Amino acid sequence: MTRTVLITGATAGIGEAAAERFVAAGWHVVVTGRRESRLRALVERLGPDRAHGAAFDVRDAAARDAALDALPAPFAAIDLLVNNAGLALGTRPAQESDLGQWQTMVETNIGAVIALTHKLLPGLIARRGGIINLSSVAATYPYSGGNVYGATKAFVTQFSLGLRADLHGTGVRVTSIEPGMVETEFTLVRTGGDQAASDALYQGAVPMTADDIAATLLWVAELPPHLNINRLELMPVNQSFAGFQVARP
Ligand code: NDP
Ligand code: 8X3
Numbered sequence: 126m127t128r129t130v131l132i133t134g135a136t137a138g139i140g141e142a143a144a145e146r147f148v149a150a151g152w153h154v155v156v157t158g159r160r161e162s163r164l165r166a167l168v169e170r171l172g173p174d175r176a177h178g179a180a181f182d183v184r185d186a187a188a189r190d191a192a193l194d195a196l197p198a199p200f201a202a203i204d205l206l207v208n209n210a211g212l213a214l215g216t217r218p219a220q221e222s223d224l225g226q227w228q229t230m231v232e233t234n235i236g237a238v239i240a241l242t243h244k245l246l247p248g249l250i251a252r253r254g255g256i257i258n259l260s261s262v263a264a265t266y267p268y269s270g271g272n273v274y275g276a277t278k279a280f281v282t283q284f285s286l287g288l289r290a291d292l293h294g295t296g297v298r299v300t301s302i303e304p305g306m307v308e309t310e311f312t313l314v315r316t317g318g319d320q321a322a323s324d325a326l327y328q329g330a331v332p333m334t335a336d337d338i339a340a341t342l343l344w345v346a347e348l349p350p351h352l353n354i355n356r357l358e359l360m361p362v363n364q365s366f367a368g369f370q371v372a373r374p
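Per our numbering, the sequence shown runs over residues 126 to 374.
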């Protein structure tokens, strides 16, 4: 039987690539995001018989619930939730950061993830489905300017592990995917639209691609049902770790 995946944040980057991968593998996909025209184009490309677009801001509880409650057959029975929509805002140290940006990251990367998970859990349990959450290497390795973004992703990782514990015996699988540098619109969003800064970050680094992560998501989703990947950390070969810093004032 055809399975259905709901992918949040599919108007760009990892979510869009994942929608393409899942449809190519025979899944039905529900794609979400705020940019309606991009969703329309994506559904057109994937085929309206395979893909359904639902445009809403994941932070808006009323819009979110209305969109999910209105999903038409055959898209209404979700087997897999991919909590992918998310963002980083700002690269400055905490003492120079904007509180509004911090709150946006918390509402998007944490608030929406827990709300969507809570809403879809009964159906996921009934169908012995799965949840894949997009965390980050920033959940594990702190870096200057990563402050609240890294903390939101640490929440995502720990929430994923906690869900695993709670869902013990239900057959529902939960995975935290923790990528390093992936070339998407992520840095453009983080820098407030600075294309030059985004290009400079990825230039010559051979970063991972959105499709690299999409292929990983599909692989995790299609593993035999007795197997659960708890956490999976990925980096480009050209990215690794830096040492501790020491101040000598
Ligand atoms: P992109 O900026 O390319 O895509 C982000 C997606 O999230 C877009 O489709 C955007 O849609 C959606 N989104 C953001 N805010 C909202 C909102 N309030 N409501 C609805 N949708 C929203 O970034 P990536 O593809 O790189 O990021 C996807 C996930 O992967 C994120 O959770 C990110 O933290 C994580 N990640 C990314 C890494 C990277 O290096 N790129 C590394 C590790 C993790 P729209 O704007 O249309 O609403
Ligand atoms: C995105 C990866 O290293 O920019 O989560 O925080 S990083």
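Idealized CB from N, CA, C, for every residue including glycine.
These numbers were taken from a predicted model, which means no experiment stands behind them.
Item to check | Best match in Arg146, Phe147 and Gly318 for proximity to Ala213 [C-alpha to C-alpha] | outcome: Gly318
Next on the checklist: Judging by CA-CA distance, which residue of Phe181, Pro218, Gly329 and Ile239 is the nearest neighbour of Ile257?
Outcome noted: Ile239
Item to check | Residues passing the C-beta test against ligand 2 heavy atoms, cut-off 5 Å | outcome: Ser261 and Ala263
Checklist entry - When the distance is taken between beta carbons, is Val273 closer than 8 Å to Ser260? => result no
Checklist entry - Can you name the start and end residues of the beta strand (DSSP E) that Ala179 belongs to? => result Ala176 to Ala180
Next on the checklist: According to DSSP, Met306 sits in a beta bridge with which residue or residues?
Outcome noted: Answer is none; Met306 lacks a bridge partner.
Next on the checklist: Just to check my reading of the structure: Asn208 and Gly140 have Cβ atoms closer than 8 Å, yes? What is that Cβ distance to the nearest angstrom?
Outcome noted: The pair is not a contact, with the Cβ atoms about 10 Å apart (cut-off 8 Å).
Next on the checklist: For a test of your reading of the model: does the CB of Glu310 fall under 7 Å from any non-hydrogen atom of ligand 1? Yes or no.
Outcome noted: yes
Checklist entry - Relative to ligand 1, is the shortest distance from any of its heavy atoms to the C-beta of Pro218 smaller than 7 Å? => result no
Checklist entry - Going by the CB atoms, is the gap between Ile338 and Val345 shorter than 8 Å? => result no
Next on the checklist: Determine whether the beta carbon atoms of Leu249 and Ile203 lie at a separation below 8 Å.
Outcome noted: yes
Checklist entry - Less than 7 Å between the CB of Arg184 and some heavy atom of ligand 1, yes or no? => result yes
Next on the checklist: On a Cα-Cα basis, can you pick out the residue from Gln220, Val362, Trp152 and Arg175 that is closest to Gly329?
Outcome noted: Val362
Checklist entry - DSSP beta-bridge partners for Leu131? => result Val155 and Leu206
Checklist entry - Does the separation of the CB atoms of Val231 and Thr277 fall below 8 Å? => result yes
Checklist entry - How about Phe200 and Leu343: do their beta carbons lie closer than 8 Å? => result no
Next on the checklist: Which residue wins for smallest C-alpha separation from Ala137, given the options Arg128, Leu246 and Ser162?
Outcome noted: Ser162
Checklist entry - Which word fits Ser145, buried or exposed, when buried means at least 16 other C-beta atoms lie within 10 angstroms of its C-beta? => result Correcting the residue type first, residue 145 is Glu in the shown sequence and not Ser. Its Cβ being crowded by 16 or more others within 10 Å, Glu145 is buried.
Item to check | Distance, Glu310 Cα to Ala372 Cα | outcome: 34 Å
Next on the checklist: Within a Cβ cutoff of 7 Å, which residues of the same chain sit near Leu292, ignoring the five residues on either side of it in sequence?
Outcome noted: Val299
Next on the checklist: Among Ala264, Gly271, His177 and Gly296, whose alpha-carbon lies nearest the alpha-carbon of Leu359?
Outcome noted: Ala264
Next on the checklist: Please give the ranges of any alpha helix (DSSP H) in the stretch 250-294, keeping only runs that are unbroken, at least 4 residues long and fully inside the region.
Outcome noted: 272-291
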